[in-house]
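Read left to right, the sequence shown gives residues 9 to 560 (this note's numbering).
Every residue, glycine too, gets a C-beta built ideally from N, C-alpha and C.
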Amino acid sequence: MKKRKHETLFLGIFQSILHTLLFRRRKRPIHRFLTLVSALFGAILFFILFFSPPINNSHQHHLINPISFINGTGFQMNLQQEHVFRVPMGGGSLSGDVWISKQSKFYHGCSDSSNNFPTAEVNTHLNRYLMIATSGGLNQQRTGIVDAVVAAHILNAILVVPKLDQKSYWKDSSNFSEIFDVDWFISRISKDVKIIRDLPRIGDKIITPYTTRVPRKCNAKCYQTRILPILKKKHAVQLTKFDYRLSNRLTTDMQKLRCRVNYHALKFTDPITEMGRKLVERIRMKSKHFVALHLRFEPDMLAFSGCYYGGGDKERKELGKIRKRWKTLHARNPDKERRNGKCPLTPEEIGLMLRALGFGNDVHIYVASGEIYGGEETLAPLKALFPNFYSKDTIASKEELAPFSSFSSRMAALDFMVCDESDVFVSNNNGNMARMLAGRRRYFDHKPTIRPNAKKLNNLLLRRNNMTWEEFASQIRTSQIGFMGEPMEVKPGRGEFHENPTACICADSEMDTGAATISARRDMGEVTDGQVGEEEQEWSDTEYTENELEIQ
9 MKKRKHETLF LGIFQSILHT LLFRRRKRPI HRFLTLVSAL FGAILFFILF FSPPINNSHQ
69 HHLINPISFI NGTGFQMNLQ QEHVFRVPMG GGSLSGDVWI SKQSKFYHGC SDSSNNFPTA
129 EVNTHLNRYL MIATSGGLNQ QRTGIVDAVV AAHILNAILV VPKLDQKSYW KDSSNFSEIF
189 DVDWFISRIS KDVKIIRDLP RIGDKIITPY TTRVPRKCNA KCYQTRILPI LKKKHAVQLT
249 KFDYRLSNRL TTDMQKLRCR VNYHALKFTD PITEMGRKLV ERIRMKSKHF VALHLRFEPD
309 MLAFSGCYYG GGDKERKELG KIRKRWKTLH ARNPDKERRN GKCPLTPEEI GLMLRALGFG
369 NDVHIYVASG EIYGGEETLA PLKALFPNFY SKDTIASKEE LAPFSSFSSR MAALDFMVCD
429 ESDVFVSNNN GNMARMLAGR RRYFDHKPTI RPNAKKLNNL LLRRNNMTWE EFASQIRTSQ
489 IGFMGEPMEV KPGRGEFHEN PTACICADSE MDTGAATISA RRDMGEVTDG QVGEEEQEWS
549 DTEYTENELE IQ
């Protein structure tokens, strides 16, 4: 309406000028002509300046949305918008609650076996040996190691210390004893499964294992049907590509055995543990609390996701080249993937989510990540929101990291330790490290673990410049209900067991379990069947699982 009034006023003035010039006869024709030309030129110039659209900066990379300070009190983004989107520097009224899980005091980890669970001494047949070859990166291999112990118990077999994957994408030559304390592993689980370092000899001959593979999510009956007959005949079996080869649906005692292995028997070697503790101590010296963020915005992650981040032909060519590593990866619609919540958030989007959840610019953040796609330019908005920003490289010297830096699994182990010790852990996908840490943090005191509800956040983030910060923050908090790591968020039995080990989480005896359950679900929401499942976001496991992720 305002614009229409301006247009009417301008046209009226313009008509008046023309009328005066054309009908005044006292001037000579040449003067009238020059005056008319000047008036027309001025009118055209005025028209261009008045009605031309604002300069469009849409050519800028989608990863970067410039942020500037406003009067020293906050940020302002896209000032040309009718709704000014101002990001506060502080966390707001929620700041006092961001470091604690409201219901955690009512729950604790519990993994002791029942009296009916057979011990290794009773269960083990001395002429059966199970070997496994793990697959993928550190945390994918960790799932294989945990499940191998359970598989050995199902098969009444002796387990040989697992072989780590040394041939996949990372080409890490580390063996089991260079990542995990092998003596601790053998002794800690000895009551449940007998474990030996190597296959024994029969006379002068080493037993040659029969090599095979089991399908994914193989349950106890599956192992007894497929593998036990071979084991009885050959006495030694090696299972290859051993990751996620055991069902989520096992007896309670078997699930608790999983927890004893994962949370008590698998301990990193002393050099890794000591360096990890140093990193945590150095962050604690700077701040009482800190957030650990598994950013997962590396080129391989983005290439595998099939998502697009606005980088034009350069991005398409770079990520397309990486994508060719996978033989059976089908083309994906980037817009559809993002709508379905299958695209990692950008560092800036993660930062905005955290600010909306109550984390101010004084919060200290440790970022666990490899090479970030776009480098410092991509990280700049996150660092502007959270200037107290750390990584392994900024809090440890090259000399300190030298024993680990050439080995991806050892570097991943350091990140794992810092993330596990953080007050709040934030994942940017649902990959192996995120799942492992989520389950571990649930088991040990239910420390807050935030996973972005990317499906709901996507539309909200795209519309953020059309609303005030208060509206945006309120909708972020609503969208994140059920994704904050609170007890009872996920229904028992739903999701990957390593992420949600409900069989190993017990309620305190002195509390009203029903009341606490209702309270937890009311406060934080319960993840619905559509939000989590065994098959959910397998795209994110860029640790190169069999078939869909096999590298050429």
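* From the DSSP output, in three-state form, read off P460 for me. => coil
* Distance CB(L422)-CB(G284) smaller than 9 Å -> yes
* Asked: Does DSSP classify D531 as helix, strand or coil?
  -> Confidence in D531 is poor, its pLDDT being 41 and thus under 50, which makes the residue's placement unreliable; the coordinate value appears in the next sentence. D531: helix per DSSP, three-state reduction.
* Asked: For V154, which residues from the same chain have a beta carbon less than 8 Å from its beta carbon, with the 5 sequence-adjacent residues on both sides left out?
  -> R266, V269, N270, L274 and H506
* Residue range of the alpha helix (DSSP H) that M444 falls in? -> N440 to Y451
* **Simplified DSSP state of I78, which is helix, strand or coil** => For I78, the predicted structure reports a pLDDT of 42, less than 50, and the residue's modelled location is therefore unreliable. A value from the coordinates is still provided. I78: strand per DSSP, three-state reduction.
* Asked: What did DSSP end up calling A376 once you bin it into helix, strand or coil?
  -> strand
* Asked: If you check the beta carbons only, do S198 and T277 fall under 9 Å apart?
  -> no
* In whole angstroms, what separates the C-alpha of N64 from that of E429? -> Only weak support exists for where N64 lies, its pLDDT of 40 falling under 50; the coordinates are left without a value.
* Asked: CB-CB under 8 Å to R448, same chain, minus the five flanking residues each way: which ones, in chain order?
  -> N270, Y271 and D428
* Inside the region 282–340 only - alpha helix (DSSP H) runs reaching at least 4 residues -> 307–313 and 320–331
* Asked: So, is V426 buried or exposed, given that buried needs 16 or more other C-beta atoms within 10 angstroms?
  -> buried
* With which residues is P411 paired in a DSSP beta bridge? -> Answer by DSSP bridge pairing: none, since P411 is not bridged.
* To do: Could you check which residue in S122, N438 and D105 has the C-alpha nearest to that of Q263?
  => S122
* Please say whether Y137 and A244 have beta carbons closer to each other than 9 Å? => yes
* **For P61, three-class secondary structure by DSSP** => Residue placement at P61 cannot be trusted, given a pLDDT of 46 that sits under 50; what the coordinates show is reported in the next sentence. Coil.
* Is C230 helix, strand or coil by DSSP? -> helix
* To do: Find out if the Cβ-Cβ distance for the pair C118, I513 is shorter than 9 Å.
  => yes
* To do: Measure the C-alpha to C-alpha separation of A515 and N124 and round it to an integer number of angstroms.
  => 22 Å
* In whole angstroms, what is the alpha-carbon distance linking Y316 and P342? -> 6 Å
* To do: Could you check if I210 is buried or exposed, using at least 16 other CB atoms within 10 Å of its CB as the buried criterion?
  => exposed
* **Under the three-state DSSP convention, the category L360 falls into** => helix
* List the DSSP bridge partners of G117. => I513
* Does the pairing of the region 214–222 with the region 296–314 give three or more beta-carbon distances under 8 Å? -> no
* Among P495, G359 and K325, which one has its Cα closest to the Cα of F397? -> G359
* For G145, count neighbouring C-beta atoms within 10 Å of its own C-beta (all shown protein chains included) and say buried if the count is 16 or more, exposed if not. => buried
* On the three-state DSSP scale, how would you describe Y252? -> coil
* Tell me whether H67 sits in a helix, a strand or coil according to DSSP, three-state version. => Confidence at H67 is low in this model, with a pLDDT of 34, below 50, so the placement of that residue should be treated as unreliable; the coordinate-derived value is given next. The answer is coil: DSSP assigns H67 none of H, G, I, E or B.
* Asked: Do we get a CB-CB distance below 9 Å when we pair R290 with the residues of chain C?
  -> Of the protein chains in the structure, only one exists, and it is not chain C.
* G378 vs E306 beta-carbon contact at 9 Å -> yes
* Asked: When the distance is taken between beta carbons, is D206 closer than 9 Å to V158?
  -> no
* Asked: With a CB to CB cut of under 7 Å and the five nearest residues on each side skipped, what residues in its chain are close to W477?
  -> F93, R94, V95 and P96
* Start-to-end residues for the alpha helix (DSSP H) that takes in F480 -> W477 to S487
* To do: Answer with buried or exposed for F452, where buried requires no fewer than 16 other C-beta atoms within 10 angstroms of its C-beta.
  => exposed
* State yes or no: is the C-beta of K175 within less than 9 Å of the C-beta of G349? => no
* Length of the line joining the Cα atoms of K202 and I489 -> 44 Å
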